[in-house]
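Residue numbers (UniProt numbering): 1 to 322.
This report refers to the structure that appears directly beneath it.
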């Protein structure tokens, strides 16, 4: 009998669900059994706001376990990964991406436009906070942490203390809670985080057999979209105190598939907002992201990004806010 492959995962309901889905897909495609191995990360042990936790808090322990050989591969929410490559490790697959849009869960089935002035809206992401402020709806926006069920309870539970929360639609879909969504937010209102809704399946670069085995899970359009978004983020060199958003879509053009990338840099209070878009081919995904970031920098994105949250090239991390 072939020994099961050891898949490292965080222990939250969302992490276990998405890792379990990857495990099932790999077994279905290859016949290889997979067992889940829970790994506790620094982010799981802290209740501090995500943007204060530092770079890679949700992935470093998993990567340490990979390097040590105590697990064979790991599944990450892709937006948790620092943009710098990890020595000795390889993203072997980007499975088909879930819907990357943000979702509103509100009392009484309300949409964002139906929330009254002064309504309290919770979210853990500065990117969302900034964009909510930019809408000018006079909402009271408050940071929240916790797993998805904890956050839902603050709106829908018996001790609810918020009128609404905003979180990633993908996370709700992966744990079977899309029924709670009262509005899926149009990217024109709330542009997603780079790589939101995507997973990264990572293994050791020298485990060539596993690299080849995991490649069966790779979804080329999703990888191209995420590559463009993360190249945009990396070129901006933005830290967690500067909200950055990006969303790449693939569509059929006149001469083949094209990537349409939208990017934004928003001040935390929502008063300054730079947005641009750019198109190109999937083969040029990284260059599209870099070029769009360069355009925004030419327009003064640096003055919005500031230096307080600057973490240096390739070390951006926007937290686990699925």
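Just so you know, even glycine gets a beta-carbon here, dropped at the ideal spot from N, CA and C.
| query | result |
| --- | --- |
| If you reduce the DSSP assignment to three classes, tell me which class residue 156 lands in. | helix |
| Would you tell me roughly how many angstroms separate the C-alpha atoms of residue 189 and residue 172, rounded to the nearest one? | 20 Å |
| Kindly list the residues whose CB is nearer than 7 Å to the CB of residue 75, restricted to its own chain and excluding five residues on each side of it in sequence; keep chain order. | 7, 9, 18, 19, 22, 199, 201 |
| Count the other C-beta atoms from every protein chain shown that fall within 10 angstroms of the C-beta of residue 307, then say buried if there are 16 or more, exposed otherwise. | At residue 307, the pLDDT of 40 sits below 50, so the modelled position is not reliable and the matter cannot be decided from this model. |
| From what residue to what residue does the alpha helix (DSSP H) around residue 171 run? | 169-174 |
| Counting only the same chain and skipping the five closest in sequence on each side, list residues whose C-beta sits under 8 Å from that of residue 256. | 281 |
| Would you mind giving the Cβ-Cβ distance between residue 293 and residue 263, rounded to the nearest angstrom? I have them listed as a contact below 8 Å. | 7 Å |
| Can you grab the Cα-Cα spacing for the pair residue 122 / residue 110, in whole Å? | 15 Å |
| What residue does the alpha helix (DSSP H) around residue 267 start on, and which one ends it? | Residue 267 -> no alpha helix (DSSP H), and no H or E assigned at all. |
| Using 8 Å as the Cβ pair cut-off and three pairs as the minimum, do the region 76-89 and the region 177-196 touch? | yes |
| According to DSSP, simplified to helix, strand and coil, what is residue 143? | strand |
| Thinking residue 96 and residue 222 are a contact (beta carbons under 8 Å), I'd like their distance in whole angstroms, please. | 6 Å |
| Looking at the strands, I want to know which residues DSSP matches up with residue 90. | 203 |
| Please state the DSSP three-state secondary structure of residue 284. | helix |
| Just to confirm the assignment, what range does the alpha helix (DSSP H) spanning residue 133 have? | 126-134 |
| Does the distance from the CB of residue 138 to the CB of residue 117 come in under 7 Å? | yes |
| Can you tell me whether DSSP reads residue 148 as helix, strand or coil? | helix |
| Can you pull the DSSP bridge partners for residue 102? | 168 |
| Please determine, among 153, 66, 164, 62, the residue with the shortest C-alpha to C-alpha distance to residue 204. | 66 |
| Between which two residues does the beta strand (DSSP E) carrying residue 9 extend? | 5-9 |
| According to DSSP, simplified to helix, strand and coil, what is residue 12? | coil |
| Can you pull the DSSP bridge partners for residue 76? | 200 |
| Since residue 121 sits in a beta bridge, which residues does DSSP pair it with? | 141, 164 |
| Between which two residues does the beta strand (DSSP E) harbouring residue 68 extend? | Looking at the DSSP string, residue 68 is not in any beta strand (DSSP E); the run it does join, the alpha helix (DSSP H), is 60-68. |
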